[in-house]
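Single-structure report; data block below.
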Amino acid sequence: MTTPPQTPIGRIPVQDVKPLVDGGARPAKAVVGETFTISATVFREGHDAVNATVVLTRPDGSTQHLPMDCINPGLNLWIAEVTPDAVGDWTYRVEGWGDPFGTWEHDATIKVAAGVDVELMLTEGALLLERAAAQPGRSGEGRLLLDEAVSRLRDSRAASIPTCTPRWTGSRCANTFPPRPISRCSSSASGRCMARGTRSSPAPRGATTTRARAAGSRARSARPRSGCRPSPPWVSTSCT
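Position 87 (the sequence shown) corresponds to 87 in our numbering; numbering is contiguous.
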């Protein structure tokens with residue numbers, strides 16, 4: 001007895017991708033201009049942060065990256081809202097990836113608030129953002145945003161602060177950037193701002209879009225209708 005081949009699972013599993021029709025054998029149906037939800041369970045081992053992105057391939061072959069949001073961190077369910085704007089065959093896949101900035105943000109929030117390794121954490125953050133700014137294809141706007149954040153993190157003239165909350169209140173953390181802007185930034189050509197760690201992605205799924213008018217059509221009855229017309233050969237009994 002032979003066992004079927006097993007599909008390997010990456011370091012960051014991406015499971016239960018929806019919408020899914022007949023196990024992926026058939027494309028999902030969508031309508032141009034109407035929003036539908038793509039969801040997946042994305043997680044990883046250990047304590048490092050994870051993130052997810054939907055990669056859409058349009059009928060003309062161009063691609064688009066859409067950030068996903070985790071709506072219940074305990075169950076690692078990620079969703080993205082997609083609104084197709086063209087008729088044809090689309091494909092979509094969910095890409096799970098390690099989030100170095102998310103990991104640093106989590107650690108820095110805790111340590112700086114406790115006054116532990118403050119300079120070390122700020123230096124690590126500056127180095128991380130410098131690497132992100134140096135990525136090929138970075139737009140001028142995205143590089144400017146990252147460079148400004150690096151300057152604030154490296155500003156040794158600012159007084160030490162006792163706290164650094166998730167909203168980055170404090171002299172060296174204040175206004176460095178709004179909460180979670182880097183991984184959500186769309187200023188680069190591909191819609192990605194931060195360098196990513198380990199990535200995993202299952203096979204792409206399909207979706208076929210139609211026009212709204214076609215989606216709203218209804219099959220008419222094939223049986224004849226008299227319309228209660230008093231024709232001598234035949235009269236509908238509903239007219240009596």
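Ideal placement from N, C-alpha and C gives every residue a C-beta, glycine not left out.
Chain-order list of residues whose beta-carbon lies under 7 Å from that of D147 (same chain, five-residue window excluded):
A133
Residue ranges of each alpha helix (DSSP H) run of no fewer than 4 residues wholly in the region 63-116, ordered along the chain?
100-114
Assign P178 to buried or exposed, taking buried as 16 or more other Cβ atoms, counted over all protein chains shown, within 10 Å of its Cβ.
Reliability fails at P178, whose pLDDT of 43 lies under 50, so the model's placement of it is uncertain and no value is given.
Please classify L144: is it buried, with 16 or more other beta-carbons within 10 angstroms of its beta-carbon, or exposed?
exposed
CB contact check: E124 to chain C, cutoff 8 Å
This model lacks chain C altogether; it includes just one protein chain.
What is the DSSP secondary structure of D48, reduced to helix, strand or coil?
coil
What would DSSP say about S151, mapped onto helix, strand or coil?
helix
Tell me whether the beta-carbon of A40 lies closer than 8 Å to the beta-carbon of A52.
yes
From the DSSP output, which residues share a beta bridge with L56?
Q64, Y92
Pull the bridge partners of Q15 from the DSSP assignment, please.
T41
Give the DSSP bridge partners of A30, in chain order.
In DSSP, A30 forms a bridge with T209.
Using the beta-carbon count (16 or more within 10 Å), is A86 buried or exposed?
exposed
Alpha carbon to alpha carbon, what distance is there between W104 and A114?
15 Å
Please confirm whether L66 and A80 have their CB atoms less than 8 Å apart.
yes
C-beta contact flag for L20 and R205 at 8 Å:
yes
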